[in-house]
Structures are given as C-alpha cells and as structure tokens.
Amino acid sequence: MTDLLLTIYPWVKSLHVIAVISWMAGMFYLPRLFVYHEERVKAGSDTDDLFKTMEYRLLKIIINPAMTATWIFGLIMVFTPGIIDWSAIWPYTKAAAVLAMSAFHGWLVTRQKEFADGQNRFTGRQYRIANEVPTVLMVIIVISIIARPF
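At the far end of the sequence shown sits residue 178, using this note's numbering, and the numbering has no gaps.
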C-alpha cells in the first residue's frame with residue numbers, strides 16, 4: 029500500500045490543489061453574493077429568485093463537491109508515509125485552519141438555507157466581515173504548508 033500511495037502522490041497532490049482552488053473560489057464568492065442579495069434585492073422579486081438559484085447552485089455544484097474532494101485527496105496525502113513531519117507544529121496549524129474553514133462552510137450552508145426560506149438575519153456589513161474569514165484561514169493554511177515557520 030505504501031508503494032501505491034507514493035506512486036500516486038503527485039496525482040493526488042495535483043487533484044488536491046485543483047479541489048482547493050475550486051473550494052476557495054466558492055468560499056470567496058458566496059458571502060459576496062449574500063452581501064448583494066441582502067443589500068440590493070427586494071424579497072419576492074425575480075432578482076430574489078435569481079440570487080437564490082445562484083447561491084444554491086454555487087453551493088451544491090461547486091463548493092460542496094470541491095470541499096469533499098479537498099478532504100478526500102488531503103486525507104490520502106496525510107496517510108502517505110514520509111510526507112508529513114508530525115513532530116513539527118505546521119501540520120496541526122494547517123489542520124486547525126482546515127477544520128475552521130469547514131466550519132465556515134457549514135455556516136454558509138445555513139445562511140444559504142435561510143435566504144432560500146426568506147429568513148436571512150444578517151446585514152450586508154456582517155456578510156462583508158464574514159467574507160474575510162476564508163482569506164485569513166487561507167493565509168494560515170498556505171503559510172503553514174509553504175513556509176512551515178512552526
């Protein structure tokens with residue numbers, strides 16, 4: 029099994045990076061859609077229906093599958109022997125940030141359902157602030173992996 033994991037590692041890593049890029053694109057865009065939906069769209073209008081459709085499809089067709097693929101390929105890399113130095117701190121800072129990103133993903137799912145039900149309870153300003161969360165987490169993840177300062 030070790031030989032197989034090491035043989036497919038470059039492919040798994042490539043697919044992981046592709047999945048992460050897709051996941052992050054959606055994580056940046058969905059909160060921005062929520063900002064415009066909250067601030068510029070009248071409830072019950074055709075535009076409201078359009079935004080609900082865009083938010084739903086972004087989540088179901090791009091963000092959810094990309095997160096799932098990110099996790100699958102990431103876990104395969106975690107279980108590939110010799111790839112991660114478990115005595116260092118960086119794998120744990122990365123893992124904590126990925127778990128936080130996944131929790132934020134869940135938060136976005138809940139917000140999308142609230143918009144779909146006409147029950148949004150956040151302001152455009154709050155969504156603008158929330159839109160910074162994936163950026164901060166991405167910075168932690170990338171620095172943890174590339175610079176490995178810990």
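Glycine included, each C-beta is placed from N, C-alpha and C at the ideal position.
Per-residue DSSP class, three states only, for residue i
i      : result
Met29  : coil
Ala175 : coil
Gly134 : helix
Arg149 : coil
The alpha helix (DSSP H) enclosing residue i, as first and last residue numbers
i      : result
Arg153 : 152-158
Expected contact under 8 Å - CB spacing of residue i and residue j to nearest Å
i      : j      : result
Thr94  : Ala144 : Here residue 94 turns out to be Ala, not Thr, going by the sequence shown. Ala94 to Ala144, Cβ: 20 Å. No contact.
Met129 : Ile91  : Rounded, the Cβ-Cβ distance is 11 Å, inconsistent with contact.
Thr30  : Pro109 : 5 Å
Pro59  : Asn159 : 4 Å
Ile168 : Ala125 : 4 Å
Thr121 : Phe178 : 6 Å
Val170 : Phe101 : Incorrect: roughly 17 Å between the Cβ atoms, too far for contact.
Inter-residue spacing [alpha-carbon to alpha-carbon] between residue i and residue j
i      : j      : result
Trp114 : Ile104 : 15 Å
Leu136 : Ala71  : 19 Å
Glu20  : Thr163 : One cannot answer for residue 20 here, as it falls past the ends of the chain, which runs 29 to 178.
Val106 : Leu127 : 15 Å
Phe150 : Leu61  : 13 Å
His65  : Tyr84  : 13 Å
Ala97  : Gln140 : 21 Å
Leu32  : Ser42  : 16 Å
Phe132 : Met52  : 12 Å
Ser19  : Thr75  : No statement about residue 19 is possible, as the shown extent of the chain runs from 29 to 178 and does not include it.
Thr81  : Lys88  : 10 Å
Ile36  : Leu165 : 28 Å
Ser172 : Ile117 : 9 Å
Trp99  : Val63  : 28 Å
Phe79  : Gly152 : 14 Å
Residue i Cβ short of 8 Å to the ligand FMN heavy atom set
i     : result
Asp74 : In the structure on display, the ligand FMN does not appear, and there are no ligands present to speak of.
Which whole runs of the alpha helix (DSSP H) in the stretch 49-120 are 4 residues long or more, in chain order? 74-85, 92-106
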